[in-house]
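Each residue of the sequence shown is one higher than the last, beginning at 17 in my numbering. For reference, the structure discussed in these notes is given below.
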Amino acid sequence: MKRNLFHPVSDAILNAIRESSEIAVISHVNPDGDAIFSSLAMESILSQLGKKVHLLNDGPFKRREIMDYESRFTSIVSDKLKNSSPLVMILDCSTEDRPGEVYQSLKGNKTIVIDHHASGRPFYEEKLSYISPLSPSTTLLVDEVRKALSVPLDRNTAEYLMLGFLTDTGFFHFISDIQAPESFEKVSSFVETGVNPYELYDRLHDGRKFNDVKLSGRIIGEAESCLEGKVIIAYEKKEYESSERPGDTVYPALLECEGVKVVVLIKEREDGIEFGFRAKRDKGVDVGRLASDLSGGGHSLAAGATVKGLKIEEAKPFILDRLIPLV
Ligand SMILES: [Mn+2]
C-alpha cells in the first residue's frame with residue numbers, strides 16, 4: 017500500500033520533547049473537537065513521559081462535544097509558567113493568529129507545530145514542525161508523535177484520538193480514498209484498546225435540547241430552493257435563539273437534496289450578515305474562493321464570510337448574484 021499520510025517525526029521534535037520538563041499545549045481559538053481532543057491526547061501522552069503539561073486555549077467552548085472539557089483548559093498564562101520557559105506545542109493551527117492570546121505571551125519559546133491544514137501562512141521552524149495536509153485530523157498526527165516517542169497506546173488516549181478524528185471527518189463522511197487505508201488502520205488500533213464507535217457516536221450527538229432540534233426544523237422548513245435547486249438558502253434570524261450552532265444540523269440535511277450544489281446559511285448579526293457556505297463534493301463549486309472574495313475564509317467545500325451593513329432582505333439577491341456564474 018502506498019503510504020501518503022504520515023512522514024517520520026523529526027529528531028528535532030523528539031529531542032525537544034524529551035529535553036523539556038514543562039510543556040504548554042495550545043490549540044486554536046474558538047476550538048473544535050480536533051483542537052481540544054488533540055490537546056487532551058497530547059497531554060495524556062506527555063504525562064506518561066513524566067512531563068508537566070499546561071493545556072491552554074482562549075475559548076470560547078461553544079460546541080457541545082467539547083463543553084465538558086472546558087475545565088481542563090485555562091486561558092491565563094501565569095507568570096510562573098512564563099518564567100519557566102516551557103516548550104510550546106501548537107496543535108491544529110495553520111496561521112499565527114489561530115493560537116490566540118495565550119500564544120502571544122509565550123512567543124519566543126521553542127515551539128513545535130503539529131497540523132493538517134493545506135493552506136495557511138507558515139509561522140514555524142521547519143524542523144520543529146510536523147505538518148501533513150493529507151491527514152484527516154490533527155489527532156492522527158499526534159498519534160504518530162506518540163509512536164515515535166514509544167509511548168504505549170491506552171484506551172483513554174485512543175478515545176481522544178478517535179474523537180478528534182470523528183469530529184473532523186463528520187464521523188467518517190469526509191475521508192477521501194487516498195486517506196482511507198491509513199486512517200482506518202489507525203481507527204483499528206484505537207478500537208483494539210476498547211474504544212467503542214457506537215458509544216462515541218451517541219456521545220457526540222445525544223443530549224441536544226429539544227428546542228434546538230425544533231429550531232433546526234424551522235430553519236429547514238423556511239429554506240428556499242433557488243436556481244433550479246442548485247442553491248438552497250436558509251436563514252438564521254436574529255430572533256432565533258439556540259444553545260448550539262443550527263448549521264451543524266441544517267447543512268447536512270439540505271446538502272442531501274436532489275441536484276443541490278451549494279447551501280447558503282444567511283445569519284443575521286448585529287452589524288450585518290454572516291454567510292455560511294457548504295458545497296457538495298465533486299460539483300465544481302469552490303465556496304472557499306467565494307468566501308475569500310468577500311474577505312472571509314475556509315475551504316473549497318466549507319467556508320464563510322461576514323458582510324457588514326447588509327440587511328437580511330438584501331442578503332439573498334446579494335449572494336445569488338455571486339453564485340449564478342459559479343453553479
Ligand atoms: Mn483539525
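Don't be surprised by glycine CBs; every beta carbon is placed ideally from N, CA and C.
- When the beta-carbon positions are compared, Thr173 and Ile42 stay at least 8 Å from each other.
- Distance from the CA of Arg294 to the CA of Val104, rounded to the nearest whole angstrom, comes to 34 Å.
- Looking at the DSSP output, Gly245 bridges to nothing.
- Given a length threshold of 4 residues, each whole run of the alpha helix (DSSP H) inside the segment 113-137 is given here in chain order: 116-120.
- Per the coordinates, the alpha-carbon of Gly186 lies some 11 Å from the alpha-carbon of Asp50.
- In this structure, Leu306 is the residue among Leu326, Gly313, Leu306 with its C-alpha nearest to the C-alpha of Val343.
- Contact between Ile128 and Leu144 holds: CB atoms are separated by about 5 Å, below the 8 Å threshold.
- In the DSSP assignment, the residues bridged to Ser145 are Val129.
- Between Ile92 and Pro47, the C-beta gap is not smaller than 8 Å, which leaves the two residues out of contact.
- With contacts defined as CB atoms closer than 8 Å, Val303 and Leu317 qualify as a contacting pair.
- Ordered along the chain, residues surrounding ligand 1 are Asp50, Asp108, Thr154, Asp184 [Cβ under 5 Å from any heavy atom].
- Counting the other Cβ atoms within 10 Å of the Cβ of Met17 gives fewer than 16, which makes it exposed.
- Following the DSSP letters along the chain, one finds Arg261 in no beta strand (DSSP E), marked with neither H nor E.
- Annotation for Lys98: the continuous alpha helix (DSSP H) segment containing it runs 95-99.
- Around the beta carbon of Ser148, 16 or more other beta carbons sit within 10 angstroms, so the residue counts as buried.
- Under DSSP, the beta-bridge partners assigned to Ile42 are Leu72, Ile106.
- Looking at the DSSP output, Tyr214 shares a beta bridge with no other residue.
- With a minimum length of 4 residues, there is no unbroken run of alpha helix (DSSP H) contained wholly in the segment 269-298.
- Sorting Asp222, Leu157, Ile248, Val161 by C-alpha distance to the C-alpha of Ser199 places Leu157 at the top.
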